[in-house]
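Using the numbering used here, the letters of the sequence shown correspond one by one to residues -9 to 253. Glycine included, C-beta positions come from ideal geometry on N, C-alpha and C. To start, the structure under review is shown below, and the notes come after it.
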Amino acid sequence: MSQDDFHPDTQQITLPIIGYHRSALSQKFGIPRQPNLVALPSVIEMVTPYDMPEAFLGIEDFSHLWISWHTHHNHLNSPQDNAESGHRFKPKVRPPRLGGNTKLGVFATRSTYRPSQLGLSVVKLVKVEVVSGAVRLHITGADMVDGTPIIDIKPYIAYSDALTDAVSGFAPDKPKLKPVVLSPQAESQLDDLCQQAGSGIDSEDKLIITGLIAQDPRPAYRQQDTKRIYFMRYKHYDIGFQMQSSTHNCSDSTLCIVSITPA
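So, in structure tokens, the structure goes:
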């Protein structure tokens, strides 16, 4: 079939879902904007028939994996869905790294709003677990929400994948972290949860929560706002935080966790 034989409604492919990502973060707000910025533990649960242990023979010889996944929380779906809903391909996006004010071509960014709706992340492999004959991959560093469909898994190869002379455009270095403090109320709530049986919160979660908040998940255009309280869903709790600063320079500001309440 030649290119002239293609029609817009046929320029699609169907990909199998081989598993699902299980994480403490069930909403997009709070997800790290790149992988491995926070050592957030999570699990990939494989589904039949891709959950056979034989399919993962040798994978534990690798420390990291490439994960291809579907950005299912975005509103853009297939070209047909876009046409029916009035959505059209948008060639430019506003990268948060540039303050949300500068537009760049979508293919010059790692925005999740892509025509394919596919994401690609490197994660650390912690261990392979087999439960009732089905494989579960324990990983850290994912930038995927809970329930994310997994499309493919490949080993990360250091000699070919880690290019030390690569140029990273507008994102040459890791984003700067905001300092994070806890209010007395939040500190007390966290301590109570750590001591409470069945809460699902322990001292490791406290480090992860502060690490996620330090990434500053707020929209770029809101990062001068010292009044609004934002809420990040972590496990079954809403983590409330806001900016506290004596200056208007947000690079010097501190983010304060003010509450941890059941969702």
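For residue i, name the three-state secondary structure that DSSP assigns.
i	result
residue 15	coil
residue 216	coil
residue 201	helix
residue 254	The shown model of the chain, from -9 to 253, leaves out residue 254, and the question about it has no answer.
residue 174	helix
residue 96	helix
residue 283	Since the first residue of the chain shown is -9 and the last is 253, residue 283 is not available in this structure.
residue 27	coil
Measuring alpha carbon to alpha carbon, tell me which of the options ends up nearest residue i.
i	options	result
residue 207	22, 2, 199 and 126	22
residue 180	49, 28 and 248	248
residue 107	221, 2 and 15	2
residue 254	42, 79 and 5	Shown here, the chain extends from -9 to 253; a query on residue 254 therefore has no answer.
residue 118	194, 80, 55 and 135	55
residue 216	100, 243 and 94	243
residue 151	111, 17 and 214	111
residue 51	116, 94 and 160	116
residue 80	88, 94, 90 and 86	94
residue 212	90, 63 and 29	90
residue 195	177, 121 and 165	177
residue 120	92, 44 and 198	44
residue 114	186, 53, 100 and 104	53
Please return the same chain residues whose Cβ sits closer than 8 Å to the Cβ of residue i, not counting the five positions on each side in sequence.
i	result
residue 245	168, 169, 170, 171, 203, 204, 206, 231, 232, 233 and 234
residue 8	36, 37, 40, 140, 141, 142 and 143
residue 227	183, 191, 250, 251, 252 and 253
residue 4	none
Got a sec, what are the start and stop residues for the alpha helix (DSSP H) residue i sits in?
i	result
residue 51	Per DSSP, residue 51 belongs to no alpha helix (DSSP H) and is neither H nor E.
residue 119	Careful: residue 119 lies outside any alpha helix (DSSP H), inside the beta strand (DSSP E) at 108 to 121.
residue 41	Counting along the chain, residue 41 falls outside any alpha helix (DSSP H), and DSSP gives it neither H nor E.
residue 151	148 to 151
Give a yes or no on whether 8 Å exceeds the smallest Cβ distance from residue i to chain B.
i	result
residue 130	Here chain B cannot be found, since the structure has a single protein chain.
The beta strand (DSSP E) that contains residue i, what's its start and end?
i	result
residue 32	31 to 36
residue 124	124 to 130
residue 249	244 to 252
residue 140	139 to 145
With a CB to CB cut of under 6 Å and the five nearest residues on each side skipped, what residues in its chain are close to residue i?
i	result
residue 47	none
residue 6	none
Looking only at its chain, what residues have a beta carbon closer than 7 Å to the beta carbon of residue i, apart from the 5 residues adjacent to it on each side?
i	result
residue 16	135, 136 and 223
residue 189	183
Whole-angstrom Cβ separation of residue i and residue j, contact assumed at under 8 Å?
i	j	result
residue 30	residue 13	7 Å
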